[in-house]
Amino acid sequence: MNKNGGFRLNRLTNRIVSFALVASMIGVLSACGGNDNSNSASSSSSAAGGKQVSISFWNTFTGSDADTLKEIVNDYNKANEGKYEVKMDIMPADQFGQKLPPSIATGTAPSLVALSSSGAAAYIQNGSIEPVDDFYSVDGVNRDDFEESAVKLGESNGSLYLLPMQVFGIEFFWNKDLFKAAGLDPDTPPATFEQLADYAVKLTDESKGQYGFAMPIKGAPQYSLMFIWGNGGDVVDLASRKSVLNSAENVETFKWLADLAVQKKVTPKGLNGVETDKLFLSGKAAMYITGPWLAAGLKENNINFGVSLPPKGSAAQATIADGIGFAIPKGTSDEQKLAAYDFVKYWNSTEVGKKWSLAIGFPPYLKSVLADPDIQANETIKLMSNFGDAGRTFLPGFVTADRINSDVLFPLLEQIVSGLDPVQGVEKASSSIDDILKSESQ
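Counting with mature numbering (1 follows the signal peptide of the UniProt record, and there is no 0), you get residues -33 to -1, 1 to 409 for the letters of the sequence shown.
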């Protein structure tokens, strides 16, 4: 999946995805335990009256992953000719966000959409998407094959609103060749924040245009959360729905980031996510925190890289887990909902899940896919599939999660990287978060 959809948090928020996670997702279909399901969509829930049921599917997979998605949809349509047909419309995230709400309000919405967990919050809150709890009782769906985190990603207020499509987490990448040239073990990433800072200095050589730790200031996953959580801080108290950004732990974290960026100059200033991706893909950045979507480009560019969870802070090791799920817009007929479920079941088959994971490089969330020998033989995918207790979802169920990211946290990081006093920056940002949270409750 490409970097759209919000988190990747803006994507890691309408795509990354979804890590992304996460992490990651793909269910099983077969009636005999659920692993050999390439044609199982044809074996359950028939179209009314024997007529073909067509459904429209909107999503924002505008990157290279769109080719694989189109192949999967075409294969499904061929296998179900005369019964079900998926008509897919892929569009940029901003266009998707502009078109979907009015289409639901006017009864012209698609039957199926792909949403990030954070992007779905507003639609859940205003009743614009349907609960989908009954999907797991559909004949041929094996709920036990799904990692629990993939199912839980779609939960809100005790009901399910998203069905797994892709789960992902934000990862730590390093350039092994640059490590080796700097006298560091190319197979061992920094284990702690202190080690990361030390390595970042050793790996920075401004005369070569080489930087130790790339730190984008917008259009990327909100990697500062790994440092906030890792040092025992947080952004919002979920119970009181108030900002806790202005804490001693967080001030120290942003002072540390400022020291890396401003004093030690381990990162170029002012780069967005796309520009930072290019820097790492060109071999000019030694360490970078981003989503699993980067792995395919690294292989294409022959970058000798490693991937792991981000380093551990003073309190914990943490990363963002996010994902993309299928949602059913309000007003979808029962007939179309059954047809949408059939496609979602097909998507969540072992065969399709394996194809998606190998082609896109995202970790699987189906146990049967993860156990597949070809997946086990893929070291990169294996490494990105094990988050343990480190994966955390940012502001689950908060309509304002994306806004807090884009309007507060990234601008704070940009200002601090440019030299703003972290004490002043954190205090002002915390107040801005409270203002946003108040607007959500009004």
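Note that CB positions come from ideal geometry on N, CA and C, so glycine has one too. On a predicted model such as this, the values are computed, not experimentally measured, just so you know.
Inset, instruction - Give me the Cα-Cα distance between I96 and Y90, rounded to the nearest whole angstrom. - result: Counted from its first residue, the sequence shown places residue 96 at position 129. Counted from its first residue, the sequence shown places residue 90 at position 123. Near 6 Å, if we compare the C-alpha coordinates of Y90 and I96.
Legend entry - Cβ pair A81, F293 closer than 8 Å: Walking along the sequence shown from the start, residue 81 turns up at place 114. Walking along the sequence shown from the start, residue 293 turns up at place 326. For A81 and F293, yes; Cβs fall inside 8 Å.
Inset, instruction - Measure the C-alpha to C-alpha separation of P331 and L337 and round it to an integer number of angstroms. - result: Looking up residue 331 in the sequence shown gives position 364. Looking up residue 337 in the sequence shown gives position 370. Using only the alpha carbons, I get a separation of about 6 Å.
Legend entry - Cβ contact (3+ pairs, closer than 8 Å) linking the region 69 to 88 and the region 301 to 313: yes
Legend entry - I291 - DSSP class collapsed to helix/strand/coil: Looking up residue 291 in the sequence shown gives position 324. Note: I291 maps to strand in three-state DSSP.
Legend entry - Beta-carbon spacing of F160, F194 below 8 Å: Mapped onto the sequence shown, residue 160 falls at position 193. Mapped onto the sequence shown, residue 194 falls at position 227. Cβ atoms of F160 and F194: closer than 8 Å.
Inset, instruction - Take D201 as the anchor and find which of P378, I403 and R359 has the nearest alpha-carbon. - result: Translated into the one-based positions of the sequence shown, residue 201 becomes position 234. Measuring from the Cα of D201, the nearest candidate turns out to be R359.
Inset, instruction - Inspect the beta-carbon positions of K239 and G176 and report whether they are closer than 8 Å. - result: Stepping through the sequence shown from its first residue, residue 239 is reached at position 272. Stepping through the sequence shown from its first residue, residue 176 is reached at position 209. According to the sequence as given, residue 239 is Asn; it is not Lys. Their beta carbons are not under 8 Å apart, which means N239 does not touch G176 by this criterion.
Inset, instruction - Report buried or exposed for V384, applying the criterion of at least 16 other Cβ atoms within 10 angstroms of its Cβ. - result: In the sequence shown, residue 384 corresponds to position 417, counting from 1. Buried.
Legend entry - DSSP-derived helix/strand/coil call for Y128: In the sequence shown, counting from the first residue as 1, residue 128 sits at position 161. In this structure, Y128 counts as coil in the three-state DSSP scheme.
Inset, instruction - Decide if the region 338 to 346 is in contact with the region 262 to 273; the criterion is three or more beta carbon pairs, one per stretch, under 8 Å apart. - result: no
Legend entry - Where M254 sits in the DSSP three-state scheme: Within the sequence shown, residue 254 is the residue found at index 287, counting from 1. Strand.
Legend entry - Start and end residues, beta strand (DSSP E) containing A81: Taking the sequence shown and counting its residues from 1, one reaches residue 81 at position 114. L79 to S83 is the span of the beta strand (DSSP E), which, as asked, contains A81.
Inset, instruction - Please determine if the region 200 to 217 and the region 396 to 408 are in contact, where contact requires at least 3 C-beta pairs separated by less than 8 Å. - result: yes
Inset, instruction - Determine, using beta carbons only, whether L163 and F140 come nearer to each other than 8 Å. - result: To locate residue 163, count along the sequence shown from 1; it is residue 196. To locate residue 140, count along the sequence shown from 1; it is residue 173. No, these two residues do not count as a Cβ contact at 8 Å.
Legend entry - Residue from V375, S300 and F102 with nearest C-alpha to N315: The sequence position of residue 315 within the sequence shown is 348, counting from 1. The option with the nearest alpha carbon to N315 is F102.
Inset, instruction - Please say whether K251 and Y166 have beta carbons closer to each other than 8 Å? - result: Indexing the sequence shown from 1 puts residue 166 at position 199. Indexing the sequence shown from 1 puts residue 251 at position 284. Against a cut-off of 8 Å, the Cβ pair of K251 and Y166 comes out as no contact.
Legend entry - I57, enclosing alpha helix (DSSP H) - first and last residue: Stepping through the sequence shown from its first residue, residue 57 is reached at position 90. That residue, I57, is in no alpha helix (DSSP H); its beta strand (DSSP E) goes Y51 to I57.
Inset, instruction - Whole angstroms is fine: what's the gap from A396's alpha carbon to Y255's? - result: Walking along the sequence shown from the start, residue 396 turns up at place 429. Walking along the sequence shown from the start, residue 255 turns up at place 288. If you take the alpha carbons of A396 and Y255, they lie about 25 Å apart.
Inset, instruction - Determine the DSSP secondary structure at I22, reduced to helix, strand or coil. - result: In the sequence shown, counting from the first residue as 1, residue 22 sits at position 55. Three-state result, I22: strand.
Inset, instruction - Provide the residue span of the alpha helix (DSSP H) that contains F221, from first to last. - result: Position 254 of the sequence shown, counting from 1, holds the residue named residue 221. That run of the alpha helix (DSSP H) goes A215 to A225.
Legend entry - Span separating the alpha-carbon of P156 from that of E138: Taking the first residue of the sequence shown as position 1, residue 156 is located at position 189. Taking the first residue of the sequence shown as position 1, residue 138 is located at position 171. Straight-line Cα distance between these residues: approximately 12 Å.
Legend entry - Top-ranked residue by Cα proximity to W223, from L387, W260, T243 and D374: Here residue 223 refers to the residue found at position 256 of the sequence shown. Nearest C-alpha to W223: L387.
Inset, instruction - Take D100 as the anchor and find which of M351, S85 and N124 has the nearest alpha-carbon. - result: In the sequence shown, counting from the first residue as 1, residue 100 sits at position 133. Closest by alpha carbon: N124.
Legend entry - Three-way DSSP call (helix, strand, coil) for Y190 in this model: Here residue 190 refers to the residue found at position 223 of the sequence shown. Coil.
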